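Going left to right, the sequence shown walks through residues -24 to -1, 1 to 74 as mature numbering (1 follows the signal peptide of the UniProt record, and there is no 0) numbers them. Every residue gets a Cβ at the ideal spot worked out from N, C-alpha and C, and that includes glycine. Remember, predicted model here, so these are calculated numbers, not experimental data. Quick notes on the structure that follows.
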Amino acid sequence: MGRRQLERLGFFLMAMILVSYTAAFVFNGPKPAPTPPYYLQSPPPPRFSPKSPPPPVYFFKSPPPPNGKSPPPPYAKSPPPPAYNPKAPPPPYYRPYY
């Protein structure tokens, strides 16, 4: 095969590839872009806007109460024990399991 024939063959192959790709694009439409893997996707938006500083972290003291009010108690207080009633039946006795 001479050089001239190789050039014509290469030109013909490139023209056929170009025609086939153009026909595929025209008849099938553009391919949707593949979704990138999770590690290449854009990170979630930051929790705090970059303008406002993050809330302070309190290590040794409790944070100030919101709106100047005292914070609620951490747990509800237990009710006071009932007053002694001599006529009340004794509490039930639970026998231990052996």
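Is the beta carbon of residue i less than 9 angstroms from the beta carbon of residue j?
i, j, result
"residue -24", "residue -12", "no"
Check residue i in the structure and name its three-state DSSP category.
i, result
"residue 4", "helix"
"residue 43", "helix"
"residue -23", "coil"
"residue -14", "helix"
"residue 70", "coil"
"residue -3", "helix"
"residue 15", "helix"
Thinking C-alpha only, which one of the options is nearest residue i?
i, options, result
"residue 7", "66, -20, -4", "-4"
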